[in-house]
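Per the numbering used here: the sequence shown = residues 571 to 869.
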Amino acid sequence: NGSFEVYKSKTEDLLLNRSIPALTGTTSIIENIGAVENRGFEFTINSTNIDTGDFRWESNINFSTYKNEILDLYGDGEDDIPSRWFIGKSLGAIYDYKMVGVWQEGEDTGSFNANPGDLKFEDINGDGVIEPENDRVYLGSSLPKWTGGLTNTFSYKNFDLSFFIQTVQGVLKGNPDINYGDELSRRNTPSNVGYWTPENQSNEFPSLVYRNTLGYGYPRDASYVRLKDARLSYRFPIEKIERFGLDNLMIYVAGRNLYTWTDWIGWDPESSQSYRGSGDWTNNYPVVRTYSIGLNVSL
Numbered sequence: 571n572g573s574f575e576v577y578k579s580k581t582e583d584l585l586l587n588r589s590i591p592a593l594t595g596t597t598s599i600i601e602n603i604g605a606v607e608n609r610g611f612e613f614t615i616n617s618t619n620i621d622t623g624d625f626r627w628e629s630n631i632n633f634s635t636y637k638n639e640i641l642d643l644y645g646d647g648e649d650d651i652p653s654r655w656f657i658g659k660s661l662g663a664i665y666d667y668k669m670v671g672v673w674q675e676g677e678d679t680g681s682f683n684a685n686p687g688d689l690k691f692e693d694i695n696g697d698g699v700i701e702p703e704n705d706r707v708y709l710g711s712s713l714p715k716w717t718g719g720l721t722n723t724f725s726y727k728n729f730d731l732s733f734f735i736q737t738v739q740g741v742l743k744g745n746p747d748i749n750y751g752d753e754l755s756r757r758n759t760p761s762n763v764g765y766w767t768p769e770n771q772s773n774e775f776p777s778l779v780y781r782n783t784l785g786y787g788y789p790r791d792a793s794y795v796r797l798k799d800a801r802l803s804y805r806f807p808i809e810k811i812e813r814f815g816l817d818n819l820m821i822y823v824a825g826r827n828l829y830t831w832t833d834w835i836g837w838d839p840e841s842s843q844s845y846r847g848s849g850d851w852t853n854n855y856p857v858v859r860t861y862s863i864g865l866n867v868s869l
């Protein structure tokens with residue numbers, strides 16, 4: 571059994587935080603502007619795959635996908651680049667330079683005035699200069715393309731085993747962790763950031779002396795698959811515990827946030843902070859992996 575839902579909605583006069591020039595005395599104002607359309611579908615399936623009496627296997631699957639699209643902003647058909655709003659695109663837009671590699675030793679940098687180990691960006695308008703106003707493009711959205719989850723529960727006599735896997739796919743967001751060196755040993759830089767060196771001519775990560783003067787946001791894929799929960803339990807037979815005045819006795823072991831498969835570099839691809847597990851710049855911690863052992867007793 572399960573459910574399947576399809577929806578399409580249009581919202582007008584959204585309450586949005588609009589960027590304005592700082593010379594006005596503030597950097598943003600809240601306005602009722604524009605129109606946005608959301609459309610998508612989601613489904614849930616609950617199934618009993620095997621049931622032989624002693625052994626039972628049940629599954630729950632959920633899937634959701636949607637597309638968010640800006641239909642209008644100010645009635646003039648123009649994008650609002652400072653606010654990262656583009657007609658025909660979704661909210662949460664990633665608008666940045668298109669990185670095409672890292673400058674290597676012996677390459678002709680032409681008019682780009684780059685050094686080996688500097689990031690290399692696509693010259694969109696072909697004028698030989700990388701400029702914020704001419705060479706940034708829409709790269710994607712921080713909103714996921716789809717999300718899903720799978721729960722499996724296995725029961726054999728008095729034993730139960732269940733685990734939950736969740737996934738988020740198609741997320742793009744900035745990862746400033748790649749832009750930091752050791753900050754005088756004040757940061758724990760992820761060990762898998764293979765910074766460019768003459769011996770390690772990476773085509774993905776810059777050298778430690780690279781200075782990000784263009785304000786590149788390091789957008790990276792934050793998709794992930796996570797083993798979120800797992801639990802193994804044993805229920806003692808009623809005939810063995812009733813003489814002690816017990817109605818139920820169960821012992822279990824459980825784990826949470828056990829493992830994450832991702833290409834994201836940093837503490838947690840799920841975090842709303844682009845590079846932190848929680849909190850802010852001065853007060854934060856990574857996602858916590860926990861294990862527990864418990865005993866449930868009913869009298």
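All C-beta atoms in this analysis are idealised placements derived from N, C-alpha and C, irrespective of residue type, glycine included.
Residue interval of the beta strand (DSSP E) (run including E628) = Run containing E628: 625-642, per the beta strand (DSSP E) assignment.
Whose C-alpha, out of G815, K668, E701, Y665, is nearest the C-alpha of F682?
-> It is E701.
Figure out for me which residue from L869, F729, Y788, F574 has the closest Cα to the Cα of N632.
-> Among L869, F729, Y788, F574, the Cα nearest to that of N632 belongs to F574.
Residues of its chain near Y726, where Cβ-Cβ distance is below 7 angstroms and the 5 sequence neighbours each way are ignored | Shown here for Y726: same chain residues with a beta carbon closer than 7 angstroms to its own, the five before and five after excluded, namely D624, F625 in chain order.
Rank L641, F729, T767 by C-alpha distance to the C-alpha of D688 and give the top, closest one.
-> Comparing alpha-carbon positions, the option among L641, F729, T767 lying closest to D688 turns out to be T767.
In terms of alpha-carbon separation, which member of K715, T723, A605 lies closest to N619?
-> For N619, the nearest C-alpha among the options comes from T723.
Residues sharing a beta bridge with G871, DSSP | No statement about residue 871 is possible, as the shown extent of the chain runs from 571 to 869 and does not include it.
Which of the three DSSP states, helix, strand or coil, is assigned to R781?
-> Residue state for R781 is assigned as coil, using DSSP reduced to three classes.
Please name the residue in S868, S862, F613, P686 whose C-alpha comes closest to that of R801.
-> Distances from the CA of R801 to each of S868, S862, F613, P686 were compared; the closest alpha carbon is that of S862.
I657 - containing beta strand (DSSP E), residue span | In this chain, I657 is not harboured by any beta strand (DSSP E), its DSSP state being neither H nor E.
Buried or exposed: K690, going by 16 or more other Cβ atoms within 10 Å of its Cβ?
-> By the neighbour-count criterion, in which 16 or more other beta carbons inside 10 Å mark a residue as buried, K690 falls on the buried side.
Could you spell out the range, first to last residue, of the alpha helix (DSSP H) harbouring I835?
-> Segment: none, I835 is in no alpha helix (DSSP H) and carries neither H nor E.
Which class does P702 belong to by DSSP, given the choice of helix, strand or coil?
-> DSSP places P702 in helix when its eight states are reduced to three.
Just confirm the distance between the C-beta atoms of G864 and Y804, as a whole number of angstroms; I'd bet it's less than 8 angstroms.
-> Not quite, the Cβ-Cβ distance comes to about 12 angstroms (not below 8 angstroms), so this is no contact.
Measure how close the beta-carbons of D666 and P789 come, nearest whole angstrom, since I'm counting them as under 8 angstroms.
-> Between D666 and P789, the beta carbon gap of about 6 angstroms places them in contact (Cβ cut-off 8 angstroms).
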